[in-house]
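Okay, so here's the structure we're looking at.
In this note's numbering, the protein residues as written are 9 to 136.
Here it is in structure tokens:
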């Protein structure tokens, strides 16, 4: 598990290789991930949007942007956690992902960024 704290918001990521999948006659590698967002600050915050950078060793970096996460804009009170999962496909067995969340502090009304630590997306057998 990879973890990072930015502005009192702790991001924890677990990634797993889930297998291969053919799409348009091309082999793809499926990785899923679980993200835990934990508010360790004294203020309530809301996740507004996200930006992901997905690096695939055989392709260009893919940037994914949008409102919220999985269709939601969670509000986290102090000490609250929000957990969600998703997945991505790579065209190679080696890659990584990182990014950031744009959030708003309800006490100060300030918008701020929370960085998502870089997670490796690697088939376990590749490293042996």
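Where is the CB? At the ideal position from N, CA and C, for every residue including glycine.
Asked: 8 Å CB neighbourhood of residue 31 in its chain, flanking five on each side removed; Found: 97
Asked: Helix, strand or coil at residue 125 [DSSP, three-state]; Found: strand
Asked: Which of helix, strand or coil DSSP assigns to residue 83; Found: strand
Asked: Proximity to residue 28 [Cα-Cα], best of 78, 21, 123, 100; Found: 100
Asked: Neighbourhood of residue 109 by C-beta, 6 Å cutoff - its chain only, sequence neighbours within 5 removed; Found: 55, 58, 122
Asked: Distance, residue 105 Cα to residue 90 Cα; Found: 20 Å
Asked: Per-residue DSSP class, three states only, for residue 134; Found: helix
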